[in-house]
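*Asks:* Read left to right, the sequence shown gives residues -19 to -1, 1 to 318 (mature numbering (1 follows the signal peptide of the UniProt record, and there is no 0)).
No residue lacks a Cβ here, since even glycine has one placed at the ideal position from N, Cα and C.
Below is one structure. I have some questions about it.
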Amino acid sequence: MVFLRSLLPLLALAPAASSAFAPSPAFRASSSATVLSASPSASDELCDSPAALDRRSALSRAASLALGLPLAASALSVPSPANAADLKTVVVAGATGQTGRRILERLAGTPGLSVVGGVRNVDKASKALGESSTVVRGAMVQKVGSVDTAGVDLRRLDVVSDSVDAIAETLRGADALVIAVGFVPGNPLKMTQAAHEVDNVGTIRLIDAAKAAGVSKIVLVSSILTDGRAWGQADSPGFVITNAFGKVLDEKIVAERYLRSAGIDYTIVRPGGLKAKPPTGELKISGENTLNSGEISRDLVADVCVASLTDAKASNKVLEIIEDEGVPPKVFNGLNM
């Protein structure tokens, strides 16, 4: 057990919990400084009224001063996804997971953008998203913040048991899909099956449904070292330890390759080990198959996913991301790559 506990940070490489798959609401830009994202329930900041903008500006300035960051790096300088005329509806699959709910929080409440949440149980998901609590998922104890779901259209969606046609109906009318699903390590006798069903078959089912529904953009949350075998990392500690849990990296790469051949504009976001705390280092964005270690705040992962929906630099790209712990964090200001 002591050995397993020591591996828990590496288990965080898996994205959102497979226990819920929820899309989310309107496209709020990453307007909150990532250092403030620890309180994703601040729904009064989601409205783009002058008062809300003033509040956000003040909060960003306060955070910058507290961290010694330049005030010029205001969160308000982030281009709003709502400015992308073609983006009207976004679905977030996995929105009750720790990363997915952060994506949901950033998208929720933006005027002109609709967000649909696909979840296995609408009532349970609505309650879970509306509460801030400590939950046990598999072998991990996680703290989660509440999310204002007033503008979120939650619908049933199960990537394991639903058919492609059923999922396509949930996605119908969506312009973009963020896939933040992933199996949660639990029963060691069922991990291989769970990883295969969620990170491989279930994700491919989502991609097929997106094609059938006419979705034009997919952002997939994956993991560094997913393609580790291709660049000589199969024996590296990170690959060996992470892949020991259900061969999850081998399952993820199948879905990644399927997405890249699907004919839909995509961005594959490969974060390092995921941590729940706000960033302590500067965001580092690297190319495909270049990072074999490192950690990153889920707040930054959510920021990158949201920005990737409309940033042309992320089109048909694989982005590997970690925090550079040697450089102080900055307010997120788009994809500097």
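(1) Could you check the C-alpha separation between Glu86 and Thr70 for me, to the nearest Å?
(2) If we count the other Cβ atoms within 10 Å of its Cβ and call it buried at 16 or more, is Gly307 buried or exposed?
(3) Is the region 83 to 102 touching the region 294 to 304 in the sense that three or more CB pairs, one from each, lie closer than 8 angstroms?
(4) Which complete beta strand (DSSP E) runs does the region 159 to 212 hold, if anything under 3 residues is left out?
(5) Mind listing, in chain order, the continuous alpha helix (DSSP H) runs of no fewer than 4 residues lying wholly within the region 80 to 148?
(6) My assumption, with CB atoms under 8 angstroms, is that Arg83 sits in contact with Asp280. Please give the rounded CB distance.
(7) Three or more C-beta pairs under 8 angstroms: does that hold for the region 262 to 276 against the region 201 to 218?
(8) Go to Glu269, then tell me how far its beta strand (DSSP E) extends in each direction, as first and last residue.
(9) Only counting the same chain, and skipping five residues up and downstream in sequence, which positions put a Cβ closer than 8 angstroms to that of Lys192?
(10) Over the uninterrupted alpha helix (DSSP H) stretch that includes Val308, give me the two end residues.
(11) Quick one: what's got a C-beta closer than 6 angstroms to Asp292's C-beta in the same chain, skipping five residues either side?
(12) Going by the beta-carbon positions, is the gap between Asp284 and Asp156 smaller than 9 angstroms?
(13) Counting along the chain, where does the beta strand (DSSP E) carrying Leu255 start and finish?
(14) Any idea what DSSP makes of Ile245, helix, strand or coil?
(15) Would Pro310 and Gly262 qualify as a contact pair, given that the criterion is a beta-carbon distance under 9 angstroms?
(16) Between the beta-carbon of Glu112 and the beta-carbon of Ser127, is there less than 9 angstroms?
(17) In three-state terms, what does DSSP make of Ser217?
(18) In terms of DSSP beta bridges, what is Ile303 paired with?
(19) Which of the three DSSP states is assigned to Lys228 in this structure?
(20) What are the partner residues of Lys294, as DSSP defines its beta bridges?
(21) Going by beta carbon distance, what residues of the same chain come within less than 8 angstroms of Val235, once the five residues before and after it are set aside?
(22) Tell me, which residues are paired with Ala236 by DSSP?
(23) Do you know whose CA, among Arg238, Glu178, Leu264 and Leu135, lies nearest Asp143's CA?
(24) For Thr70, which residues does DSSP report across the bridge?
(25) Could you round the C-beta distance between Leu201 and Ile249 to whole angstroms and report it? I think they count as a contact, below 8 angstroms.
(26) Assign Leu152 to one of two classes, buried (16 or more other C-beta atoms within 10 Å of its C-beta) or exposed (fewer than that).
(27) Within the continuous alpha helix (DSSP H) that includes Leu281, where are the two ends?
(28) Identify every residue that forms a DSSP beta bridge with Ala157.
(29) Do Leu158 and Ala76 have their C-beta atoms within less than 9 angstroms of each other?
(30) Could you say which of Lys198, Val282, Ile188 and Phe226 lies nearest to Arg238 if we only look at CA atoms?
(31) Taking buried to mean at least 16 other C-beta atoms within 10 Å of its own C-beta, is Pro169 buried or exposed?
(32) Determine the burial state of Pro252: buried for a count of at least 16 other Cβ atoms within 10 Å of its Cβ, exposed for fewer.
(33) Report the rounded CA-to-CA distance for Asp146 versus Ile266, giving the unit in angstroms.
(34) Keeping to the same chain, check which residues put their C-beta closer than 6 angstroms to that of Val72; ignore five residues upstream and five downstream.
*Replies:* The short version:
(1) Stepping through the sequence shown from its first residue, residue 86 is reached at position 105. Stepping through the sequence shown from its first residue, residue 70 is reached at position 89. Answer to the nearest angstrom: the Cα atoms are 15 angstroms apart.
(2) As a first step, residue 307 is located in the sequence shown; it is residue number 326 there, counting from the start. So Gly307 counts as exposed.
(3) no
(4) 198 to 202
(5) 103 to 110
(6) The residue you call residue 83 lines up with position 102 of the sequence shown. The residue you call residue 280 lines up with position 299 of the sequence shown. Indeed they touch by this definition, with Cβ atoms about 6 angstroms apart.
(7) yes
(8) The sequence position of residue 269 within the sequence shown is 288, counting from 1. Boundaries for Glu269: no beta strand (DSSP E) harbours it, and the DSSP string shows neither H nor E there.
(9) Start at 1 with the first residue of the sequence shown, and residue 192 comes out as number 211. Ala243, Gly244 and Ile245, listed in sequence order.
(10) By one-based count along the sequence shown, residue 308 stands at place 327. For Val308, there is no enclosing alpha helix (DSSP H), since its DSSP letter is neither H nor E.
(11) Position 311 of the sequence shown, counted from the start, is the residue given in the question as residue 292. Once the five neighbours on either side are set aside, the close Cβ partners of Asp292 are Leu316.
(12) For the purposes of this step, residue 284 is taken as residue 303 along the sequence shown, with counting starting at 1. For the purposes of this step, residue 156 is taken as residue 175 along the sequence shown, with counting starting at 1. Their beta carbons are not under 9 angstroms apart, which means Asp284 does not touch Asp156 by this criterion.
(13) Locating residue 255 in the sequence shown gives position 274, where the first residue counts as 1. Unbroken beta strand (DSSP E) run through Leu255: Gly254 to Lys256.
(14) Working through the sequence shown from its first residue, we reach residue 245 at position 264. Looking at Ile245 - three-state DSSP - the assignment turns out to be coil, as it is neither helix nor strand.
(15) Walking along the sequence shown from the start, residue 310 turns up at place 329. Walking along the sequence shown from the start, residue 262 turns up at place 281. Cβ distance < 9 angstroms, so Pro310 and Gly262 count as in contact.
(16) Here residue 112 refers to the residue found at position 131 of the sequence shown. Here residue 127 refers to the residue found at position 146 of the sequence shown. Contact flag set, yes.
(17) If you number the sequence shown from 1, residue 217 lands on position 236. In the three-state reduction of the DSSP assignment, Ser217 falls in the coil class, being assigned neither a helical nor a strand state.
(18) Taking the first residue of the sequence shown as position 1, residue 303 is located at position 322. Answer by DSSP bridge pairing, in chain order: Lys265.
(19) To locate residue 228, count along the sequence shown from 1; it is residue 247. In the structure shown, Lys228 sits in coil (DSSP, three-state: anything other than H, G, I, E or B).
(20) Position 313 of the sequence shown, counted from the first residue, corresponds to residue 294. According to DSSP, Lys294 bridges with nothing at all.
(21) Along the sequence shown, read from residue 1 onward, the residue named residue 235 stands at position 254. Counting only Cβ-Cβ distances below 8 angstroms, and skipping sequence neighbours, we find Asn181 and Ile185.
(22) As a first step, residue 236 is located in the sequence shown; it is residue number 255 there, counting from the start. Answer by DSSP bridge pairing: none, since Ala236 is not bridged.
(23) Numbered from 1 along the sequence shown, position 162 holds the residue referred to as residue 143. Measuring from the Cα of Asp143, the nearest candidate turns out to be Glu178.
(24) Walking along the sequence shown from the start, residue 70 turns up at place 89. DSSP, once it has assigned bridges, lists Ser95 as partnering Thr70.
(25) For the purposes of this step, residue 201 is identified with residue 220 of the sequence shown, where counting begins at 1. For the purposes of this step, residue 249 is identified with residue 268 of the sequence shown, where counting begins at 1. Sure, about 5 angstroms apart at Cβ, within 8 angstroms.
(26) As a working note, residue 152 is residue 171 in the sequence shown. Leu152 should be labelled buried.
(27) Indexing the sequence shown from 1 puts residue 281 at position 300. Residues Arg279 to Ser289.
(28) Within the sequence shown, residue 157 is the residue found at index 176, counting from 1. DSSP, once it has assigned bridges, lists Val71 and Lys198 as partnering Ala157.
(29) Reading the sequence shown from its first residue, position 177 is the one you call residue 158. Reading the sequence shown from its first residue, position 95 is the one you call residue 76. Taking 9 angstroms as the Cβ cut-off, Leu158 and Ala76 do not qualify as a contacting pair.
(30) Working through the sequence shown from its first residue, we reach residue 238 at position 257. The shortest Cα separation from Arg238 among Lys198, Val282, Ile188 and Phe226 belongs to Ile188.
(31) Here residue 169 refers to the residue found at position 188 of the sequence shown. So Pro169 counts as exposed.
(32) In the sequence shown, residue 252 corresponds to position 271, counting from 1. Label assigned to Pro252: buried.
(33) Along the sequence shown, one-based indexing puts residue 146 at 165. Along the sequence shown, one-based indexing puts residue 266 at 285. Each residue's Cα considered, the two are about 36 angstroms apart.
(34) For the purposes of this step, residue 72 is taken as residue 91 along the sequence shown, with counting starting at 1. These residues qualify, in order along the chain: Pro4, Val97, Leu152, Ala155 and Leu158.
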